[in-house]
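First the structure, in the form of structure tokens, and then the observations on it.
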Amino acid sequence: MSVLASFRDSSRAAPLLERIRARETGPVALMEFCGGHTVAIFRSGIRSVLPEHIRMLSGPGCPVCVTSNMDLDRAAALAKLPGVILTTYGDMLKVPGSRESLAQVRAQGYPVEIVYSTLDALRLAGQHPDKQIVFFAIGFETTAPAAAAAVLQARARGLKNFSICSVMKLTIPGARALLDMGEVRVQGVIGPGHVSSIIGADAWRFLPDVYRVPVAISGFEPLDILASIDALLAMLEKGNADLANLYSRIVKPGGNTKAWGAVTEVFETCASSWRGFGNIPDSGLALRPQYAEYDAEHRFPIDIPDSVEHPACRCGEVLRGVIEPVDCKVFGTACTPEQPLGPCMVSSEGSCAAYYNFHQSTHTKTRHATEQ
Amino acid sequence: MCLAVPARICELRPDNMAVVDIQGTQREISLMVLDGEAAVGDYVLIHVGYAIERIDEEEALRTLELFADLSLTDEAFGSASPPLTEDDV
Ligand code: SF4
Ligand code: SF4
């Protein structure tokens with residue numbers, strides 16, 4: 001589809017940038033709530049070409065990063081139960097828990113399988129009727145339909161050896177928690193594109209309506225992000241807060257009601273613990289009682305010792321947008337993508353990893369820009 | 373993690389499954405949570421093995437137009453609620 005390729009056409013970016021530079025808003029801080037945007041912003045070098053008075057902050061947008069150590073410890077304990085095969089998305093393997101990562105658990109000989117999709121986990125359940133397949137489900141609203149669909153399929157097929165350990169989270173209570181804390185001043189929000197494809201653009205109306213913060217739902221190409229920044233600045237310039245859906249090729253006002261319907265059929269909201277935030281009411285997804293037989297927590301009750309955090313790691317503050325990765329003492333020294341101390345350095349969408357991987361080029365670009 | 377990729381449906385299979393082409397690679401995915409009917413040739417967005425949304429080509433073109441004609445940005449988002457003037461009072 002060549003139309004889609006046009007969103008990558010860098011010649012279209014220049015007028016957008018010029019426009020952004022000409023906006024008279026004064027200093028502003030814009031936050032993106034999506035790890036995909038964090039990576040896209042770094043990869044494209046957008047940070048380095050923006051005027052200095054526009055600061056881009058990263059919020060708690062990566063589901064890997066916001067998973068708490070307590071939940072990671074629970075997954076590790078599940079993997080060690082006799083007869084259990086723990087399955088999860090690849091991003092989770094290297095995240096250090098209180099004592100060990102799932103990769104280290106696997107290295108001790110316990111079965112931890114990376115799956116690309118819950119479809120693979122279901123397939124494993126079919127192939128190993130003598131084993132219990134537990135799917136460690138992380139993710140936001142984008143990913144929740146895949147977990148719900150897996151439970152519905154397991155029930156339809158009469159699978160007795162498939163269950164889910166859900167630590168899935170909802171982005172809106174997370175965003176509200178961050179704004180309510182008031183630690184960082186956010187004047188505009190780049191709304192998560194794929195989350196919104198499920199819950200709908202209108203789900204973010206509370207930002208302008210309640211918080212008077214403009215929001216632009218954005219795609220993931222450089223042009224999408226520049227246009228979203230421009231739309232936010234246009235609103236700030238005029239002093240009005242509204243919702244702009246600039247990803248309408250994917251995102252409908254009401255989202256994907258079929259996908260969200262599957263989620264609400266299988267899951268209900270529960271309190272969930274977020275790294276850097278603690279417990280946020282109604283921000284998690286737990287299996288409803290009528291699906292208890294697919295709930296790993298219900299089927300395999302386990303006691304896990306108290307979780308501990310690495311004393312040097314400041315991921316919590318990074319996730320709240322309070323500090324930048326480089327403000328962490330161990331950034332790039334004791335903590336690197338090869339030897340991560342915290343999840344923000346593990347996940348490809350984590351802020352620390354994005355900073356680490358693209359910082360060098362950002363510096364070079366900034367230098368070029370100032371030399372000119 | 374929530375990254376999703378555009379793909380073209382090449383073949384419909386039983387049980388709500390389909391084969392899609394993602395930049396030259398064929399992959400079997402599920403249409404279970406996609407809203408509405410899907411047909412061969414449709415462009416969909418794939419996330420962790422499931423098609424989650426259709427890609428609307430008309431909307432894509434409209435967005436590109438919006439990006440190119442920047443005055444539209446102001447029209448669309450800059451002046452939704454004009455500040456009060458003396459005339460309003
Ligand atoms: S640099 Fe490492 S230890 Fe520091 S905040 Fe980032 S991930 Fe955590
Ligand atoms: S859509 Fe979700 S996980 Fe994906 S990049 Fe955005 S918030 Fe992150």
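Chains as they are written, first to last, in my numbering: chain C, 1 to 372; chain Y, 373 to 461.
Here a beta-carbon is modelled for each residue, glycine too, at the ideal position from N, C-alpha and C.
Between ligand 1 and His310 of chain C, a heavy atom-to-CB distance of less than 8 Å is present. Ligand 1 has a heavy atom closer than 8 Å to the beta-carbon of Pro325 of chain C. Under a criterion of Cβ atoms nearer than 8 Å, the residues of chain Y adjacent to Ala149 of chain C are, in order, Ser402, Met404, Val405, Tyr422.
For Glu349 of chain C, at least one C-beta of chain Y is nearer than 9 Å to its own C-beta.
Residue environment for Pro96 of chain C: buried (at least 16 other C-beta atoms within 10 angstroms of its C-beta).
When C-beta distances to chain C are compared with 7 Å, the residues of the region 376-397 of chain Y below that value are Ala376, Pro378, in chain order. Excluding residues up to 5 positions away in sequence, Glu183, Val184 lie with their Cβ nearer than 7 Å to the Cβ of Val322 of chain C in the same chain. Where His419 of chain Y is concerned, there is no enclosing alpha helix (DSSP H), although the beta strand (DSSP E) around it starts and stops at 415-419. Contact check between the region 261-269 of chain C and the region 137-156 of chain C: three or more CB pairs, one atom from each, fall below 8 Å, which counts as touching.
Taking a Cβ-Cβ cut-off of 8 Å, the neighbours of Asp428 of chain Y in chain C comprise Ser248, Arg249, Ile250, given in sequence order. C-alpha of Ile85 of chain C to C-alpha of Ser228 of chain C: approximately 43 Å in a straight line. Going by DSSP, Pro311 of chain C is part of no alpha helix (DSSP H) at all; its letter is neither H nor E.
Within chain Y, no C-beta atom comes nearer than 9 Å to that of Val189 of chain C; the closest sits roughly 13 Å away.
Straight through space, the alpha carbons of Thr87 of chain C and Ser402 of chain Y are spaced by roughly 19 Å. In terms of beta-carbon proximity, Glu409 of chain Y stays away from the interface with chain C, with every pair separated by 9 Å or more.
Setting aside the 5 residues that flank it on each side, Arg205 of chain C is surrounded in the same chain by Leu243, each with a C-beta closer than 7 Å to its C-beta; the list follows chain order. Residues of the region 136-161 of chain C with a Cβ closer than 7 Å to any Cβ of chain Y, in chain order: Gly139, Phe140, Thr142, Thr143, Pro145, Ala146, Ala149.
Close partners of Ser44 of chain C in chain Y (Cβ separation under 8 Å) are lacking, with about 15 Å as the shortest Cβ gap. The C-alpha of Asp306 of chain C lies about 15 Å from the C-alpha of Thr67 of chain C.
Of C:Ser351, C:Glu338, C:Val251, C:Pro289, the smallest CA-CA separation from Thr435 of chain Y is found for C:Val251. With fewer than 16 other beta carbons inside 10 angstroms of its own, Tyr116 of chain C counts as exposed.
Sequence-ordered contacts of the region 14-28 of chain C with chain Y read Pro15, Leu16, Arg19 [C-beta pairs closer than 7 Å]. Only Ser248, Arg249, Ile250, Asn256, Thr257, Lys258, Ala259, Ala262 from the region 247-279 of chain C bring a Cβ to less than 7 Å from some Cβ of chain Y. Distances from the CB of Leu57 of chain C to the heavy atoms of ligand 1 are all 8 Å or more. The beta strand (DSSP E) runs of length 3 or more contained entirely in the region 202-262 of chain C are, from start to end of the chain, 215-217, 243-245. Nearest to Arg106 of chain C by C-alpha distance, out of C:Asn245, C:Ala79, C:Ala125, C:Asp130, is C:Ala79.
The continuous alpha helix (DSSP H) containing Val346 of chain C extends over residues 343-346. Taken from the Cβ of Arg320 of chain C, every heavy atom of ligand 1 lies 8 Å or farther away.
In the DSSP assignment, Met168 of chain C falls outside any alpha helix (DSSP H), carrying neither H nor E. Taking the beta carbon of Glu425 of chain Y as reference, the chain C residues within 7 Å of it are Ser197, Ile250, Asn256, listed in sequence order.
In the assembly as shown, Cys382 of chain Y is an exposed residue. Its beta-carbon has fewer than 16 other beta-carbons within 10 Å.
Between Ser98 of chain C and Gly284 of chain C, the C-beta gap is not smaller than 9 Å, which leaves the two residues out of contact.
Put simply, the backbone Cα of Leu124 of chain C is about 18 Å away from that of Arg399 of chain Y. For the set C:Cys352, C:Arg320, C:Asp180, the Cα lying nearest the Cα of Gly332 of chain C is the one of C:Cys352.
Secondary structure at Gly109 of chain C: coil, using DSSP grouped into helix, strand and coil. Not one heavy atom of ligand 1 lies closer than 8 Å to the C-beta of Met92 of chain C.
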